[in-house]
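For the record, in the sequence shown the residue sitting at position 217 is 217 according to UniProt numbering, with numbers rising by one throughout. Glycine included, C-beta positions come from ideal geometry on N, C-alpha and C. The next block holds one structure in the form of structure tokens; read it before the comments.
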Amino acid sequence: MPAKGAKESGGGARKATPDIIRPYGDTTGDGMVQVSFTLPVPHDKRAEGAALQLAAKMGLEPALLVHAKAMGPDFTFFVVYGSAKHLVDLREVKVVEREFPLLTPKDVNAAIKSRMRRKLVVVGACIGTDAHTVGIDAILNIKGFAGEKGLEYYREIKVVNLGAQVLVPDLVERARAEKADAVMVSQVVTQRDAHIHNTTAMSAAFREAYPAGQVPLLVVGGPRFEEGSAPKLGVDRIFGRGTTPGEVASYLVHELAQPKATQEKR
Ligand code: B12
């Protein structure tokens, strides 16, 4: 009989997972984790002591300093390996489930054709100073990502990819000129919360430029957005690390090419 809340695989061969877990290093439940960080001090014995003090305050005890290297004259990079005191309660983990079904390119094209009776227009860009185009290209370009073709491959989707370092006013203007149904923005750099500031500014600019209820679907992607933060940023959906073009195409159909009654008003 599995313990309360424990999971067993179909065949029953896998060991039940307890609700409370700790990290694993050498032996089950030893709590071992490895962390790296940089301190703003020159590399010497005092710096190494400071790293261990930080580790202890982070709940890593005992901790070993496994690597310390000067990063120029004023900084030191550390790797610390130690036993975490903290426990993880699996019952408190919240998983955000995908809210739409995954469709094949054929189904996506058929849904757009039958329900919109025109091509679905997508305008995409990396905004601000961000020049990391690989992510948005993975979604939009025909070559795609993870074995899936990008949105350019879909017969019923028109893709306008504006590339890197696009200014928000230029994005708004192009979206209006193209009569965009969806605007796709990529933000990879997170230094000084650039991704948050740029996304908020972008969504505000669209809401100012369009009459209420006519704003294009605002979709943002990047590896370091907080899950569930779309409403806070004023956008409709955030896609994170490992997103595939098929997921994005299915989402577009879910939001824009459903029978009218099931579409929510933005
Ligand atoms: C390649 C790369 C570059 C290339 C970019 C080339 C290009 N044309 O894109 C170059 C060399 C130009 C570069 C420059 C810089 N980079 Co750089 N770069 C990387 C690197 C190694 C890989 C990024 C990448 O291509 N990932 C692969 C793609 C497929 O993944 P992805 O972007 O996450 O995209 C997926 C999802 O997030 C999602 N997605 C992304 N966007 C969108 C958009 C939509 C609409 C949707 C639906 C989905 C979606 O779907 C994608 C597919 O699954 C990362 C480190 C890393 N390993 O991640 C650093 C990294 C992003 N770079 C970094 C930095 C600091 C810089 C520079 C500032 C360095 C410097 N001092 O000059 C400059 C900044 C340039 C600029 N103005 O933006 C940091 C960012 C740190 C931070 N916290 O912000 C990183 C994390 C490296 C690091 N560890 O320090 N970089």
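For this session: Please find out if some non-hydrogen atom of the ligand B12 comes closer than 8 Å to the beta-carbon of residue 127.
Result: no
For this session: Apply the 10 Å Cβ neighbour rule to residue 168 and answer buried if 16 or more other Cβ atoms are within range, or exposed otherwise.
Result: buried
For this session: Answer yes or no: the CB of residue 136 versus the heavy atoms of the ligand B12, is any distance below 8 Å?
Result: yes
Exercise. How many angstroms separate the CA atom of residue 174 from the CA atom of residue 160?
Worked result: 9 Å
Exercise. Just the Cα atoms here: how many angstroms apart are residue 17 and residue 48?
Worked result: 37 Å
Exercise. Does the distance from the CB of residue 80 to the CB of residue 35 come in under 9 Å?
Worked result: yes
For this session: Compute the Euclidean distance between the alpha carbons of residue 125 and residue 184, then round it to the nearest angstrom.
Result: 6 Å
Problem set entry | Contact under 9 Å by Cβ, residue 100 with residue 254 | yes
For this session: Whole angstroms is fine: what's the gap from residue 131's alpha carbon to residue 172's?
Result: 19 Å
Exercise. How about residue 221 and residue 248: are their beta carbons less than 9 Å apart?
Worked result: yes
Exercise. Fully enclosed by the UniProt domain "B12-binding" (119 to 263), which beta strand (DSSP E) runs are 3 residues long or longer?
Worked result: 120 to 126, 157 to 161, 182 to 186, 217 to 221, 237 to 239
Problem set entry | Spatially closest choice to residue 73 from 38, 200, 194, by CA coordinates | 38
Exercise. Looking at residue 84 and residue 65, is the spacing between their C-beta atoms short of 9 Å?
Worked result: no
Exercise. Which first and last residues belong to the beta strand (DSSP E) in which residue 82 is found?
Worked result: 76 to 84
For this session: Pick helix, strand or coil for residue 62, following the three-state DSSP scheme.
Result: strand
Exercise. What does a CB cutoff of less than 7 Å around residue 3 pick up in its chain, not counting 5 residues either side in sequence?
Worked result: Reliability of the predicted coordinates at residue 3 is poor, the pLDDT of 40 falling under 50, and the value obtained from them is presented with this limitation in mind. If we look at residue 3 and ignore the five residues flanking it on each side, its Cβ neighbours are 16, 18.
For this session: Please check the pair residue 150 and residue 138, which I expect to be a contact at CB under 8 Å, by giving their CB distance rounded to whole angstroms.
Result: 7 Å
Problem set entry | Beta carbon of residue 96 nearer than 9 Å to that of residue 227 | yes
Exercise. Would the beta-carbon of residue 136 fall within 9 Å of that of residue 153?
Worked result: no
Exercise. At which residues does the alpha helix (DSSP H) containing residue 52 begin and terminate?
Worked result: 45 to 57
Exercise. Do you know offhand how far residue 178's Cα is from residue 121's?
Worked result: 7 Å
For this session: Rounded to whole angstroms, what's the CA-CA distance from residue 29 to residue 78? Just pull it up for me.
Result: 24 Å
Problem set entry | Rounded distance between the beta-carbons of residue 33 and residue 54, thought under 8 Å | Going by Cβ atoms, the distance from residue 54 to residue 33 rounds to 14 Å, so no, they are not a contact pair.
Exercise. Based on the DSSP secondary-structure assignment, which residues constitute the bridge partners of residue 70?
Worked result: 76
Problem set entry | Assigned exposure category for residue 103 - 16 Cβ within 10 Å defines buried | buried
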